[in-house]
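If you read the sequence shown in this note's numbering, its first letter stands for residue 107, the second for the next number, and so on. Right, one structure below, let's go through it.
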Amino acid sequence: MPNNPSSKLTLIGVPLDLGAQNLGVDIGPDAFRYQQIVAKLERIGFGVTDSGDVSCNDRKQLERGDPRMHYVDEIVRVNEEVASLSHKAMADKAKVVVLGGDHSINLGAVSGASVALDGKLGLIYLDAHGDMNTAETTLTGNVHGMHLASLLGFGEPELRNVHGKQTKIARQDLLHIGGSDFDQAELDLIKNEQLPAFTLFDLLTSSLGPLLKMINDLATRVPNIWVSLDLDVIDRIYAPGAGMPNAKGLTYREIATIAEYIGSHCNVVGIDIVEYNPLQDEQNKTAELGIELLAKFLGKEYSWYTNYMNDNQVG
Ligand SMILES: [Mn+2]
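Here it is, written out as structure tokens:
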């Protein structure tokens with residue numbers, strides 16, 4: 107299987123934490139490797155090339171700069187590099203998995219893929235937050251709350267123009283899932299621009315049915331899908347190691363079902379898993395869940411159950 111060209115997978119680590127204020131997410135990529143992410147992806151049938159980590163400068167060596175976009179120069183520099191790697195892997199017909207880092211690394215990951223695919227890319231974005239502020243509307247100056255707006259063509263050119271000036275994701279080709287903590291400016295943007303979003307409230311009031319239809323409709327319209335998983339969309343019972351642990355997040359059965367549906371109905375070409383903070387994890391369970399969900403997004407299975415069955419078959 108690993109020699110089958112259609113199962114090539116490129117892993118890119120981005121130990122960037124400048125987009126957020128909380129420390130710890132910069133060791134996310136190494137913690138995933140320590141959890142044998144490469145061996146586990148190979149076990150489910152991928153030939154993995156680990157590109158290593160994109161080098162990121164420490165905040166101690168940098169000026170914070172623009173108060174509306176902290177560390178924006180370094181964040182853009184890192185994302186240009188991520189975009190080139192993502193573009194190249196996509197052009198080599200490999201699936202791309204990017205390990206964060208804070209969520210701002212999604213900007214380069216998606217930009218590279220979008221340009222490589224001539225813009226024929228939809229984005230399924232799982233996050234408790236909107237990440238749709240701009241330099242004009244941000245309350246914190248943290249870029250990990252702005253990059254999604256940039257991918258959709260809003261906000262400052264510095265962020266919008268990473269890896270080319272074109273809009274990376276057409277507004278109707280976004281599907282934001284699981285949001286519960288939006289700022290007013292983000293709610294206004296979603297409403298005014300009719301951005302597709304299925305919130306926690308929608309999930310609790312109408313269950314999964316309408317969401318699965320939205321996923322299916324998107325997969326029918328666009329040939330390629332990128333999945334962005336901010337671990338804070340999952341309840342902290344299951345994902346204590348999220349950068350901002352969530353007390354009202356999705357349950358295991360909800361996120362696992364959504365991931366499985368995406369994996370079986372969408373042509374997923376790339377995934378980023380972000381905001382993993384190993385310092386807050388409990389017995390590595392957030393990393394384990396991240397790897398299980400990654401497999402599901404890719405249309406495969408990797409869980410305690412499949413391992414149990416593999417290890418206990420007669421013969
Ligand atoms: Mn996020």
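Think of the CB as a built atom: it goes at the ideal place given N, C-alpha and C, for glycine as much as any other residue. It should be emphasised that the depicted structure is a prediction, and the values quoted were computed from it without experimental measurement.
Own chain residues within Cβ distance below 6 Å of residue i, not counting five before or after
i           : result
residue 215 : 188, 192, 204 and 378
residue 348 : 337, 338 and 381
residue 110 : Model confidence at residue 110 stands at a pLDDT of 46, short of 50, so the residue's coordinates are unreliable; what they give is reported in the following sentence. So the list is empty, once near-sequence residues are dropped.
Contact test: residue i Cβ vs ligand 1 heavy atom, cutoff 7 Å
i           : result
residue 209 : yes
residue 308 : no
residue 176 : no
residue 398 : no
residue 233 : yes
residue 282 : no
residue 341 : no
residue 381 : yes
residue 123 : no
residue 289 : no
residue 336 : yes
residue 378 : no
Residue i, DSSP secondary structure in three states
i           : result
residue 354 : coil
residue 123 : coil
residue 341 : strand
residue 406 : coil
residue 111 : Confidence in residue 111 is poor, its pLDDT being 43 and thus under 50, which makes the residue's placement unreliable; the coordinate value appears in the next sentence. Residue state, collapsed to three classes: helix.
residue 131 : helix
residue 400 : helix
Neighbourhood of residue i by C-beta, 7 Å cutoff - its chain only, sequence neighbours within 5 removed
i           : result
residue 186 : 214, 268 and 269
residue 245 : 289
residue 157 : 116, 117, 118 and 191
Own chain residues within Cβ distance below 8 Å of residue i, not counting five before or after
i           : result
residue 141 : 390, 393, 394 and 397
residue 139 : 119 and 156
residue 316 : 304 and 308
Which ranges does the beta strand (DSSP E) cover as unbroken runs of at least 3 residues, wholly within the stretch 254 to 317, from first to last along the chain? Within the stretch 254 to 317, the complete beta strand (DSSP E) runs of at least 3 residues are 280 to 283.
Run through the stretch 135 to 164 for me and flag every whole alpha helix (DSSP H) of 4 or more residues, listed as ranges in chain order. Listed in chain order, the alpha helix (DSSP H) runs fully inside the stretch 135 to 164 are 143 to 149, counting runs of at least 4 residues.
Taking the runs of the beta strand (DSSP E) that are 3 residues or longer, which of them lie wholly in the stretch 177 to 251? Entirely contained in the stretch 177 to 251, the beta strand (DSSP E) runs reaching 3 residues are, in chain order, 201 to 206 and 228 to 232.
Output the residue ranges of the alpha helix (DSSP H) runs that lie fully inside the stretch 364 to 396 and measure 4 residues or longer, sorted by chain position. The qualifying runs do not exist here; there are none.
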